[in-house]
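Colleague: With mature numbering (1 follows the signal peptide of the UniProt record, and there is no 0) applied, the sequence shown covers -29 to -1, 1 to 252. I am attaching a structure below and will ask some questions about it afterwards.
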Amino acid sequence: ILRRDAATMRRSVHFTLLSAVLCASVAHAGTTPEGQRWLEAKAQEKDVVKHSSGFFYRILKRGDESGKSPGPTDKTLCHYEGRLIDGTIFDSTYERAEPALFAPKQLIKGWRIAMQEMREGDKWELFLPAELAYGDKAKGKHIWPGSVLIFEVEMIEVNPPRTALDFLKDNYVLLIVAVLAMVYFAVNGESGVNSRNRMPLDAARSKDNPRVFMELRIGEEGPFRVVFEIFANVVPRTAENFRQLCTGEKDGYHYLNSTFHRIIPRFMAQGGDFTSGNGMG
């Protein structure tokens, strides 16, 4: 009986120790005490709302009610900035001056949930406990286990139209082949080029590049004149096509009255589709 009781006690001690280890592991996976206190203070601030999933957020700007919200797999163009509670910025598309394109399912849990409730044009500030961020994992040189993360997220466009840059990203092999072809022609010179299609070398090296201008209007403002130098000495055929589209002398095709069909604030204005007017022409 004494042996059985001793064995029972040993099992009880082992179980207690195991429970303590498990509890410690669970505690370690959560937000740090400092982060908890910071979130509790943040929750008292004006306009800060607690989401049912456990994170806090503040709406900085509302988009149009007709704006789309992304589903889990919808590619979405966003600007964002990620910070720690001490103010350290660990990532920012604003600093890179280029928005990012990703789907909600690619993101950490808190950001993923919030993003699917935002609309185009919305700008939210998210305050994520570690449980909805990276948990007990370190990320890079700034994010430690248990870190509270702050994200300022601006949703620009859901499922934006593909651009030439998107095509090159998806077809980088073609780009590599094109570069290799350029190297081949540069090395082989005249032996690698059909003489019937070759431009005179002196003309290609000419520094007298043509110039064209466009007059732009922004709403009721303008016109504003923009002058382009066309590098005919580098890409003669492309340059000549562009020049003729500016002057309207080729088959009636003209940039006149073309609209900028896609505007991405602080990034780019896309236009010049003189057939369809929407980037698909």
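The C-beta atom is built at its ideal place from N, Cα and C for all residues, glycine as well. Owing to the predicted nature of the structure, the values given are computational and were not obtained by experimental measurement.
Distance, Cα to Cα, residue 84 vs residue 27?
Modeller: Roughly 12 Å separates the two Cα atoms.
Colleague: Assign residue 192 to one of three DSSP states: helix, strand, or coil.
Modeller: Correct three-state label for residue 192: strand.
Colleague: Quick one: grab the DSSP three-state call for residue 12.
Modeller: In the structure shown, residue 12 sits in a helix (DSSP, three-state: H, G or I).
Colleague: I need the DSSP call for residue 125, collapsed to helix, strand or coil.
Modeller: In the structure shown, residue 125 sits in a strand (DSSP, three-state: E or B).
Colleague: Taking the Cβ atom as the reference point for each residue, do residue 50 and residue 59 lie within a distance shorter than 9 Å?
Modeller: Their beta carbons are not under 9 Å apart, which means residue 50 does not touch residue 59 by this criterion.
Colleague: Do three or more CB pairs link the segment 5 to 19 to the segment 93 to 102 at distances below 8 Å?
Modeller: Verdict: yes, contact present.
Colleague: With residue 114 and residue 70 assumed to form a contact (beta carbons below 8 Å), what rounded beta-carbon distance in angstroms separates them?
Modeller: No, residue 114 and residue 70 are not in contact; Cβ-Cβ is about 22 Å, not under 8 Å.
Colleague: Judging by CA-CA distance, which residue of 205, 201, 231 is the nearest neighbour of residue 188?
Modeller: It is 231 whose Cα lies nearest to the Cα of residue 188.
Colleague: Below 6 Å CB to CB, which residues in the same chain sit around residue 34 once its five sequence neighbours on both sides are set aside?
Modeller: So the list reads 90, 91, 92, 93, once near-sequence residues are dropped.
Colleague: Determine the DSSP secondary structure at residue 54, reduced to helix, strand or coil.
Modeller: Reduced to three states, the DSSP call for residue 54 is strand.
Colleague: Expressed to the nearest angstrom, what Euclidean distance is found between the alpha-carbon atoms of residue -4 and residue 110?
Modeller: Residue placement at residue -4 cannot be trusted, given a pLDDT of 36 that sits under 50; what the coordinates show is reported in the next sentence. Whole-angstrom Cα-Cα distance: 19 Å.
Colleague: Label residue 75 either buried or exposed according to how many other C-beta atoms from any shown protein chain fall within 10 Å of its C-beta, with 16 as the threshold for buried.
Modeller: By the 10 Å Cβ count, residue 75 comes out buried.
Colleague: Do residue 201 and residue 184 come within 9 Å of each other at the CB atom, strictly closer than that value?
Modeller: Taking 9 Å as the Cβ cut-off, residue 184 and residue 201 do not qualify as a contacting pair.
Colleague: Measuring straight from C-alpha to C-alpha, what distance separates residue 243 and residue 233?
Modeller: One C-alpha to the other measures close to 11 Å.
Colleague: Please report the distance separating the alpha-carbon of residue 191 from that of residue 86.
Modeller: The alpha-carbon atoms of residue 191 and residue 86 are separated by roughly 35 Å.
Colleague: What whole-angstrom Cβ distance do residue 39 and residue 72 have, given they're in contact under 8 Å?
Modeller: Not really, about 15 Å apart at Cβ, beyond 8 Å.
Colleague: Within this structure, are the beta carbons of residue 120 and residue 54 separated by less than 9 Å?
Modeller: It is a contact, given that the beta carbons lie within the stated cut-off.
Colleague: Measure the alpha-carbon distance for residue 67 versus residue 211 and round it to whole angstroms.
Modeller: Spanning the two alpha carbons is a distance of roughly 34 Å.
Colleague: Quick one: is the Cβ of residue 39 within less than 8 Å of any heavy atom of the ligand GTP?
Modeller: The ligand content of the structure shown is nil, which means the ligand GTP is not present either.
Colleague: Look at the Cβ atom of residue 95, then the Cβ atom of residue 48, and state whether they are nearer than 9 Å.
Modeller: Cβ atoms of residue 95 and residue 48: not closer than 9 Å.
Colleague: When the distance is taken between beta carbons, is residue 182 closer than 9 Å to residue 199?
Modeller: Against a cut-off of 9 Å, the Cβ pair of residue 182 and residue 199 comes out as a contact.
Colleague: Below 7 Å CB to CB, which residues in the same chain sit around residue 13 once its five sequence neighbours on both sides are set aside?
Modeller: Taken in chain order, the residues that qualify are 19, 27, 98.
Colleague: Hey, could you find the ends of the beta strand (DSSP E) residue 98 is sitting in?
Modeller: Unbroken beta strand (DSSP E) run through residue 98: 94 to 99.
Colleague: By the 10 Å Cβ neighbour count, where 16 or more other Cβ atoms means buried, how is residue 236 classified, buried or exposed?
Modeller: Exposed: under 16 other Cβ atoms inside 10 Å.
Colleague: What does a CB cutoff of less than 7 Å around residue -27 pick up in its chain, not counting 5 residues either side in sequence?
Modeller: Annotation note: pLDDT 48 at residue -27 (below 50); position unreliable, no value reported.
Colleague: If I follow the unbroken beta strand (DSSP E) through residue 203, where does it start and stop?
Modeller: Element bounds for residue 203: n/a, residue is neither H nor E.
Colleague: Sort 80, 239, 118, 205 by Cα distance to residue 43 and report the nearest one.
Modeller: It is 80 whose Cα lies nearest to the Cα of residue 43.
Colleague: Compare the Cα-Cα distances from residue 217 to each of 240, 186, 205, 239 and report the closest residue.
Modeller: Selected option, being the one with the closest Cα: 186.
Colleague: I'd like to confirm the pairing. Which residues does DSSP put opposite residue 185 in its beta bridges?
Modeller: According to DSSP, residue 185 bridges with 197.
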